[in-house]
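Just below is one structure, and these are the notes that go with it.
2 protein chains.
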Amino acid sequence: MRATVIYGAGDVRVEDAPDPKIAQPTDAVVRVVRSCICGSDLWPYGSMEATEHGHRIGHEFLGIVEDAGSAVSAVRTGDLVIAPFMYSDNTCQFCREGLQTSCEHGGVWGARGVDGAQGEIVRVPQAEGTLVKVPATQDDALLASLLTLSDVFSTGHHAAVKAGVNERTTVTVIGDGAVGLSAVLAAKRLGAERILLMGRHAVRTDLGREFGATDVIAERGDEGVEKLRELTSGAGTHTVLECVGTKPAIEMAAGTVRAGGTISRVGVPQYLEGPLGGPVFMRNVTITGGVAPARQYIEDLLPDVLDGKIQPGKVFDRTIDIEKVPSGYQAMADREALKVLIAF
Amino acid sequence: MRATVIYGAGDVRVEDAPDPKIAQPTDAVVRVVRSCICGSDLWPYGSMEATEHGHRIGHEFLGIVEDAGSAVSAVRTGDLVIAPFMYSDNTCQFCREGLQTSCEHGGVWGARGVDGAQGEIVRVPQAEGTLVKVPATQDDALLASLLTLSDVFSTGHHAAVKAGVNERTTVTVIGDGAVGLSAVLAAKRLGAERILLMGRHAVRTDLGREFGATDVIAERGDEGVEKLRELTSGAGTHTVLECVGTKPAIEMAAGTVRAGGTISRVGVPQYLEGPLGGPVFMRNVTITGGVAPARQYIEDLLPDVLDGKIQPGKVFDRTIDIEKVPSGYQAMADREALKVLIAF
Chain A
161 MRATVIYGAG DVRVEDAPDP KIAQPTDAVV RVVRSCICGS DLWPYGSMEA TEHGHRIGHE
221 FLGIVEDAGS AVSAVRTGDL VIAPFMYSDN TCQFCREGLQ TSCEHGGVWG ARGVDGAQGE
281 IVRVPQAEGT LVKVPATQDD ALLASLLTLS DVFSTGHHAA VKAGVNERTT VTVIGDGAVG
341 LSAVLAAKRL GAERILLMGR HAVRTDLGRE FGATDVIAER GDEGVEKLRE LTSGAGTHTV
401 LECVGTKPAI EMAAGTVRAG GTISRVGVPQ YLEGPLGGPV FMRNVTITGG VAPARQYIED
461 LLPDVLDGKI QPGKVFDRTI DIEKVPSGYQ AMADREALKV LIAF
Chain B
161 MRATVIYGAG DVRVEDAPDP KIAQPTDAVV RVVRSCICGS DLWPYGSMEA TEHGHRIGHE
221 FLGIVEDAGS AVSAVRTGDL VIAPFMYSDN TCQFCREGLQ TSCEHGGVWG ARGVDGAQGE
281 IVRVPQAEGT LVKVPATQDD ALLASLLTLS DVFSTGHHAA VKAGVNERTT VTVIGDGAVG
341 LSAVLAAKRL GAERILLMGR HAVRTDLGRE FGATDVIAER GDEGVEKLRE LTSGAGTHTV
401 LECVGTKPAI EMAAGTVRAG GTISRVGVPQ YLEGPLGGPV FMRNVTITGG VAPARQYIED
461 LLPDVLDGKI QPGKVFDRTI DIEKVPSGYQ AMADREALKV LIAF
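First to last, the sequence lines map onto chains A and B. Each number in our numbering corresponds to the 1-based position in the first sequence with 160 added. Each number in our numbering corresponds to the 1-based position in the second sequence with 160 added.
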């Protein structure tokens, strides 16, 4: 089979790899139908040290079950399934609390002998807990939207859920990347009526408006904070969904959140320390969020996707085949593409 | 009247000051019956630059209303009242949300022409919103417990409330100062069955056990984290109430909180930046807390104090008169006293 391997910054290759087989009774083997490139894949693509052997990459996919181990009964050969961006047994103490990203028997794709998702076939550990069966379809738009439950839309939803977004909360979304736009859609779905999107790329913020943003703020830093406060009677918003992960983004979040409000972060932090003292404390700001337990959300979000009530797959603005994956990375790094879908 | 003035580190004096009078129709004048010294007063006592004029200090008191302005109807001459550690109108948008510390017309004691609480008489701005009338009493223990609603017990309660402590949550309390012990009592009152107190002063941790701590951990730093994890099957606790405010304390909190759990901070942070990246993000840890809106809690907590169901006043282990305030500061700085009560 063909699979994507990253060797270092700017060096992504598609190579032959052995076809995965069942190794444990808890495994399944899935032939990938759709995968994609994530904003977080751009961090190693931007800065990973060059290596001789590289490693598999990609963590979002849906596909058809080809084979399942003897301990797997929830899915079987021929089922269309979504895999969340981390695998988990869905039975341990953390999974039962809805935190499958902290599963005691879980892990990430593309490491420790587990396949990456940007390839033709994937061996799925803990398949019983990991995979979610969905109705068979060949509808391109629906497949794209279903794929977003693997990571990007579930991540936006996590930001909104952890922030406590509802019909009474005003919302700022920082970042017009695919996660930020997903957070806008998730906030709208949870009933928010006022959603201020901070982003400067018109094509993206236009999709943000379509998803539910009521205001778009192109300014950044102190200027962005000032503009947002002007638009909210000086107070800021009850919730801020920080979907970038940089230090300036979390600092902007601290400036735009209302006293007593909540910053919910889902952009992987490119910092170890951030604003916790001073005004964050004096204004009783809560900082929450983290890596999204997509597995917990897939079943909740599925009906709205299947009904077409929400179309989170609109974040994909380019579709490529597996051989074109390197150019897909480059297009996202150059901001020519918002999010790249890989169709098999 | 006599009032406390701080001039710089280690330099607290009791001086004559003009008797406060009603200045605004929204004012009241209160003759102080009990005041006290706060752990947060020790920060300027430890490091304030020497000044020529100094400033009034103290922010916790209860007393008898001597006079009230024409716009004040909730309290009147002769009433025993508790003042929270910040004044507030209790009607603005933030007060209505229970965040009186962010009141649009509120402020702190001992600044901008407002009296400090470590003095015989205090002019109270926004008296209608600020003061809470309580039944008259001369019972020393009850007066001490009522006084804790002004700050220290309300602050411990805020830590527990913001963390979401209930009968299903395990709790770590970091710090065996008066706030930490108050947080233990507050967590117990909210139903927590397992409360692990991190502190190393036996006299204090003994009171912690009396207040409800089930385990005491004397170790600090990595050793303390390791010990706590041993006691919680390796996972840490659902909630961590951080009642110190130093960088090592918040770092210890990040180490002891369970994945998906909450750190609630009420110790005034002596840092601007703290742990937000890495494991805090990957383990979905929420960081909340802040300066406690004591005004919001006083009415809720009052019945349990009046009934004697809780006795938060036990944190006071020394009582002095106003002239002895300088030695009271020194005793707390030297850790000879846990918390010093000033009786008038």
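Backbone N, C-alpha and C define an ideal beta-carbon position, used for all residues, glycine too. As the structure is a prediction and not an experimental result, all values here were calculated from the model.
Check	Outcome
Spatial distance of residue 299 (chain A) from residue 359 (chain A) (CA atoms)	31 Å
Interface flag, residue 244 (chain A) vs chain B, CB-CB below 8 Å	no
Rounded Cβ spacing between residue 488 (chain B) and residue 480 (chain B) (contact assumed at less than 8 Å)	5 Å
Beta carbon proximity, residue 401 (chain A) to chain B, threshold 8 Å	no
C-beta atoms of residue 200 (chain A) and residue 220 (chain A) nearer than 8 Å	no
Interface positions of the region 236 to 266 of chain A facing chain B (Cβ-Cβ less than 9 Å), listed along the chain	253, 254, 257, 258, 259, 261 and 262
Chain-order list of residues whose beta-carbon lies under 7 Å from that of residue 214 (chain B) (same chain, five-residue window excluded)	165, 166 and 167
Helix, strand or coil at residue 483 (chain A) [DSSP, three-state]	helix
Distance between residue 307 (chain A) and residue 506 (chain B) (C-alpha atoms, nearest Å)	Missing from the structure shown is residue 506 (chain B); chain B here goes from 161 to 504 and no further.
Nearest neighbour of residue 476 (chain A), chosen from A:467, A:500, A:494 and A:266 [CA to CA]	A:500
Close beta carbons around residue 314 (chain B), own chain, < 6 Å, minus the five adjacent residues each side	452, 454 and 457
Nearest residue (CA-CA) to residue 428 (chain B), options B:254, B:312, B:392 and B:379	B:312
The region 441 to 453 of chain A: positions lying closer than 8 Å to chain B by Cβ	441, 442, 443, 444, 445, 446, 447, 448, 449, 450, 451 and 453
Three-state class that DSSP yields for residue 502 (chain B) in the structure shown	strand
Backbone CA spacing between residue 422 (chain B) and residue 346 (chain B) [nearest angstrom]	16 Å
Exposed unless 16 or more other CB atoms sit within 10 angstroms - verdict on residue 469 (chain B)	exposed
Proximity below 8 Å, CB of residue 169 (chain A) to CB of residue 208 (chain A)	yes
CB contact check: residue 419 (chain B) to chain A, cutoff 8 Å	yes
Range of the contiguous beta strand (DSSP E) that encloses residue 449 (chain A)	446 to 449
Simplified DSSP state of residue 442 (chain B), which is helix, strand or coil	helix
Residue 437 (chain A) at chain B interface by Cβ criterion, 8 Å	yes
Entirely enclosed beta strand (DSSP E) segments - the region 307 to 390 of chain B, minimum 3 residues	331 to 334, 355 to 358 and 375 to 377
Proximal chain A residues relative to residue 433 (chain B), where beta-carbon distance stays under 8 Å	433, 434, 435, 436 and 437
Spatially closest choice to residue 376 (chain B) from B:343, B:336, B:382 and B:351, by CA coordinates	B:336
Assigned exposure category for residue 233 (chain A) - 16 Cβ within 10 Å defines buried	exposed
Residue 304 (chain B), buried or exposed, once every other Cβ within 10 Å from all chains shown has been counted against 16	buried
Cutoff 8 Å: residue 425 (chain A) Cβ touching any chain B Cβ	yes
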